[in-house]
Amino acid sequence: MKIGVHCSIRKGYIEALYEAKELGCNCLQMFTHSPRIWKFSFPSEKEIQIFKETRKKLNLFPLVIHTAYLPNPASSNEEIYIKTRNLLLLEFELTQIFEAEYIVMHPGSYSEGKTMDEGIKNIVESIDFCFDKILDKYKNINFMLLLENVCGGGRKIGRTFQELSKIILKSTYKDYIGICIDTAHCFAFGYDITKKKFLKDMLNEIKKFIGINKVKLIHLNDSKAPLNSKIDQHYHITKGFIGKKGIKNILKHFKNLPFILETPKETSFDKISLKDKENIKIVKELYSQISS
Ligand SMILES: [Zn+2]
Ligand SMILES: [Zn+2]
495 MKIGVHCSIR KGYIEALYEA KELGCNCLQM FTHSPRIWKF SFPSEKEIQI
545 FKETRKKLNL FPLVIHTAYL PNPASSNEEI YIKTRNLLLL EFELTQIFEA
595 EYIVMHPGSY SEGKTMDEGI KNIVESIDFC FDKILDKYKN INFMLLLENV
645 CGGGRKIGRT FQELSKIILK STYKDYIGIC IDTAHCFAFG YDITKKKFLK
695 DMLNEIKKFI GINKVKLIHL NDSKAPLNSK IDQHYHITKG FIGKKGIKNI
745 LKHFKNLPFI LETPKETSFD KISLKDKENI KIVKELYSQI SS
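Using our numbering, read the sequence shown as starting at 495 and increasing by one per residue.
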């Protein structure tokens with residue numbers, strides 16, 4: 495199976511790779527910079543080269559980049575929209591030159607007094623702007639953008655797979671866009687993946703609007719927040735409301751996809767998380783039960 499966690503770049507990009515390896519992962523996710531600030535300095539060519547070589551040596555595939563939290567491509571506020579586009583472009587560029595397979599993005603929230611359709615239009619324009627620039631500069635695009643479902647609340651876009659499909663279908667680059675399913679977000683929004691019947695409904699929605707082959711990645715998280723709560727609170731595998739049954743349902747239905755854990759680390763950033771180790775062990779155990 496393909497399993498990874500979100501690794502820290504606090505001590506450098508290459509350290510994130512070693513963290514993944516030490517945890518027993520064969521894939522990983524990371525940010526390209528601190529996710530709560532707009533500032534961003536590009537790594538040197540040498541650092542990029544060593545990063546790529548180390549990843550090959552450690553055999554970590556796929557590499558997933560997660561975009562920062564500040565950008566909001568759905569915004570109708572001119573300043574935020576422009577800042578978002580520029581930061582997003584840098585993140586796309588780093589995804590391309592790091593040769594990461596995927597970049598995961600939350601679609602964002604539409605502005606007060608505006609409609610969801612206007613928000614979607616802004617998202618599509620931001621995405622297409624970035625892809626245009628990448629294609630211009632590098633002559634090819636060697637990664638896919640994955641839109642992640644969110645748990646709702648406020649004016650957030652991407653709560654349902656139908657909403658995500660509207661973004662994909664409007665983009666010029668739809669062949670380069672897929673989806674990432676976050677189980678904690680699904681559940682908190684109201685998809686009861688603990689019950690086979692409701693999981694099937696969710697799969698049917700994906701089939702109808704997007705196509706199951708567009709699902710490329712699972713963010714495997716339990717949820718500390720109950721069904722329908724619209725609260726984003728990731729929790730340790732099998733210890734939350736999704737529990738063993740829900741996690742097993744997901745493992746079974748998406749067994750060929752990579753699973754990335756974004757569960758609480760409960761440790762300082764410079765230490766290997768024992769909680770990560772524990773969660774990975776549980777997932778591997780459950781996975782062996784479903785495949786036998
Ligand atoms: Zn996310
Ligand atoms: Zn996630």
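All residues carry an ideal CB built from backbone N, CA and C; glycine is no exception.
On a predicted model such as this, the values are computed, not experimentally measured, just so you know.
Discussion item. Determine whether the beta carbon atoms of M495 and F753 lie at a separation below 9 Å.
Written reply: yes
Item to complete: Helix, strand or coil for V777, going by three-state DSSP, please let me know.
Response: helix
Item to complete: Tell me D676's beta-bridge partners as DSSP assigns them.
Response: H713
Worksheet item: So H713 packs on T677, CB below 8 Å; how close in whole Å?
Response: 7 Å
Item to complete: Note down, in chain order, each residue of its chain lying with its Cβ closer than 6 Å to the Cβ of F534, except the 5 sequence neighbours on either side.
Response: H527 and L584
Practice prompt. Alpha carbon to alpha carbon, how far is I766 from L517? Give it in angstroms, no decimals.
Written response: 8 Å
Worksheet entry | C-alpha distance - C680 paired with N580, whole-angstrom precision | 29 Å
Practice prompt. Output the boundary residues of the beta strand (DSSP E) element that contains H747.
Written response: It is not in any beta strand (DSSP E) - H747 instead sits in the alpha helix (DSSP H) that spans G737 to H747.
Worksheet item: Does the segment 653-666 touch the segment 725-741, meaning 3 or more C-beta pairs lie closer than 8 Å?
Response: no
Worksheet item: Any residues whose CB sits closer than 6 Å to a heavy atom of ligand 2? List them in chain order?
Response: E642, D676, H713 and E756
Discussion item. As an exercise, report each continuous alpha helix (DSSP H) stretch of at least 4 residues that is fully enclosed by the segment 618-668, in chain order.
Written reply: 655-664
Practice prompt. Could you tell me whether the Cβ atoms of I704 and I662 are closer together than 9 Å?
Written response: yes
Worksheet item: How far does the beta strand (DSSP E) with L564 in it reach, from first residue to last?
Response: L564 -> no beta strand (DSSP E), and no H or E assigned at all.
Item to complete: Could you tell me the boundaries of the beta strand (DSSP E) in which Y596 lies?
Response: Y596 to M599
Worksheet item: What are the start and end residues of the alpha helix (DSSP H) that includes F703?
Response: K690 to F703
Worksheet item: Going straight from the alpha carbon of L564 to that of R530, what length do you get?
Response: 6 Å
Worksheet item: Roughly how far, in whole angstroms, is the beta-carbon of P601 from the beta-carbon of A568, given that I think they are within contact range, below 8 Å?
Response: 6 Å
Worksheet entry | Rounded C-alpha distance that separates D626 from I559 | 19 Å
Worksheet item: Looking at E595 and F555, is the spacing between their C-beta atoms short of 9 Å?
Response: yes
Worksheet item: Do you know how far the Cα of I675 is from the Cα of N698?
Response: 14 Å
Fill in: Between the CA atoms of S603 and V618 - distance to the nearest angstrom
13 Å
Worksheet entry | V499 CB to nearest heavy atom of ligand 1 below 8 Å | no
Worksheet item: What's the gap between the Cα of F592 and the Cα of L522?
Response: 13 Å
Discussion item. If you reduce the DSSP assignment to three classes, tell me which class L522 lands in.
Written reply: strand
Worksheet item: CA-CA distance, K615 and V709?
Response: 22 Å
Worksheet item: Hey, out of N715, G506, F623 and A562, whose CA is closest to I544's CA?
Response: G506
Practice prompt. Starting from the C-beta of C645, find all residues in its chain whose C-beta is less than 6 Å away, skip the five residues before and the five after it, and write them out in chain order.
Written response: H679, A682, F683, K724 and D726
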